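Convert by adding 100 to the 1-based position in the sequence shown; the result is the number in the working numbering.
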Amino acid sequence: MPQTFDLQSYPCSVCGSTSFTHKYTIKGFNIVQCNACSFVFVNPRIKTEELYKLYTTDYFNNTQFGYENYELNARLRIMTFEKWYSLIVPFVGRKKEKALDIGCAAGDFIDVLMRNGWKDVEGIELDTSMIEKLRKKNIPVSTTPIEKIEVKKKYDLITLFDVVEHLPGLSDALQKLHDILEEDGVIALITPDYSSTQRKLFGKRWFQYKPYEHIQYFTPDTLARALKPHGLKIIHHSASGQCADAEFLGSRLERYNFKALASLFNGVVNLFGLKNKAWYADTGSMFVVIKHDKKA
Ligand SMILES: [Zn+2]
C-alpha cells in the first residue's frame, strides 16, 4: 500500500506571493507557477513535518519516492561525483580546508573531497541507515536539517547535490548557508533546471518531476532571486548531467515511452559490447556556483 500524506498549501518560497497558475497535475500533485515571480513549485505539497519524516527512514530504498536502490549505482555515482568535483575546482581557491556536503548520503562525495586534499570535511544527512554508514566510516555527520543547524564554524566549500529542490524551509536554509559560508567561500549546487531544453522537450513527462519530494523547480533567474535577500549571488551556472551506463540510458528511453528507440539502443549496446561503458548524460539539471554578494 502506498503511504498517504497530509497536504498543505504554501506561499511562493521565492517572493511570498499567494497567486499561482496551475500547470500540470502529476501523481495527484499540482505543479503551479507563481504569477508574481514565475517560480514553479508543487502546491499544495506534503506538510513540512511529514516531509522531514520522509527523509529519515528508507528514503534510499523505496519504490514510492526517493531512490529505489541507491547502492546499485555506486560505480556511476562515484564517477559522477568526480566529474562534479572537477567542475568546482576552478572556483575554489588554494585553501582546501573546511567543507560541508549537505545531503551527503553514504559519503561518496566526502570521500572524493578527502582524496583531493580537503582536511576538515563534514556532512549533513537525515536518513538513519545512511547515518549509520557514515559513522562507520568515521565521517562527522550532523542529522539536523540545514535551516536548523547551529552556526559553529564557517566553511570554504559547501555542496548541495540534488538537495535544494527538496528544501521546505527555503528562505531559512539560504540564510543559514550565508551564515556558515566563509567570506571567500563557495557554494556549489546541482538542481533540476526548469528552463532546460530537456524539460521543454519532455513537458510533464520530464523525469525530474517527483512531486512527493522535488517540491520546487528553479531556473537560474528564480534561484538568483531567492538568493538575493540573503546576500548571496550566482557567479556561474551551466548545464549539468550525470554518468550513465547503457542500462540506465535504456531504462530512461523506456520511461519516456521511446520503446522503439530503446530496443534499437539495446541492440547497438549488445552489438558493440557497450554494457560497461559510461557516458556523461544531460539530465536537464544545472550546476551553479554561489558566493557572497559583497555589494549587498
Ligand atoms: Zn513568487
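Heads up, the beta-carbon is just placed ideally off N, CA and C, and yes, glycines get one too.
It should be emphasised that the depicted structure is a prediction, and the values quoted were computed from it without experimental measurement.
Assuming the contact rule is C-beta atoms closer than 8 Å, residue i and residue j should be a hit. Round their C-beta distance to whole Å, please.
i, j, result
"residue 293", "residue 384", "6 Å"
"residue 205", "residue 221", "The Cβ separation is near 14 Å, so there is no contact."
"residue 146", "residue 312", "6 Å"
"residue 192", "residue 257", "6 Å"
"residue 283", "residue 392", "6 Å"
"residue 140", "residue 317", "4 Å"
"residue 337", "residue 386", "5 Å"
"residue 380", "residue 331", "At roughly 33 Å, the Cβ-Cβ gap does not stay under 8 Å, so residue 380 and residue 331 are not in contact."
Does the beta carbon of residue i fall short of 7 Å from some heavy atom of ligand 3?
i, result
"residue 296", "Absence of ligand 3 from the depicted structure is noted, with ligand 1 being the only ligands included."
Comparing alpha-carbon positions, which option in the options lies nearest residue i?
i, options, result
"residue 278", "334, 150, 121", "334"
"residue 350", "361, 324, 268", "361"
"residue 376", "345, 148, 238, 240", "345"
"residue 397", "388, 194, 215", "The structure shown does not extend to residue 397, since the chain is modelled only from 101 through 396, so no value can be given for it."
"residue 390", "244, 347, 323", "323"
"residue 339", "329, 238, 348, 319", "319"
"residue 286", "107, 380, 187, 342", "187"
"residue 156", "231, 181, 371", "231"
"residue 353", "178, 119, 297, 307", "307"
"residue 326", "209, 260, 151, 270", "270"
"residue 382", "290, 373, 395, 367", "290"
"residue 117", "235, 233, 105, 132", "132"
"residue 272", "251, 295, 136, 176", "251"
"residue 148", "343, 337, 315, 328", "315"
"residue 302", "263, 356, 341", "356"
"residue 211", "174, 226, 275", "174"
"residue 161", "372, 105, 128, 229", "229"
"residue 246", "137, 374, 223, 183", "223"
"residue 239", "248, 213, 297", "213"
"residue 104", "137, 112, 151", "151"
"residue 136", "195, 374, 115, 236", "115"
"residue 113", "275, 371, 380", "275"
"residue 194", "216, 184, 364", "216"
"residue 125", "143, 111, 138, 364", "143"
"residue 158", "134, 226, 260, 176", "226"
Problem set entry | Around ligand 1, Cβ to any heavy atom closer than 5 Å, ordered along the chain | 112, 114, 115, 117, 134, 136, 137, 139
Problem set entry | Whole runs of the beta strand (DSSP E) within the segment 292-345, excluding any shorter than 3 residues | 332-345
For this session: Within the segment 204-258, note down every full alpha helix (DSSP H) run reaching 4 residues or more, in order along the chain.
Result: 208-215, 228-236
Exercise. Going along the chain, which unbroken runs of the beta strand (DSSP E) with 3 or more residues stay wholly within the segment 127-204?
Worked result: 129-134, 140-142, 198-202
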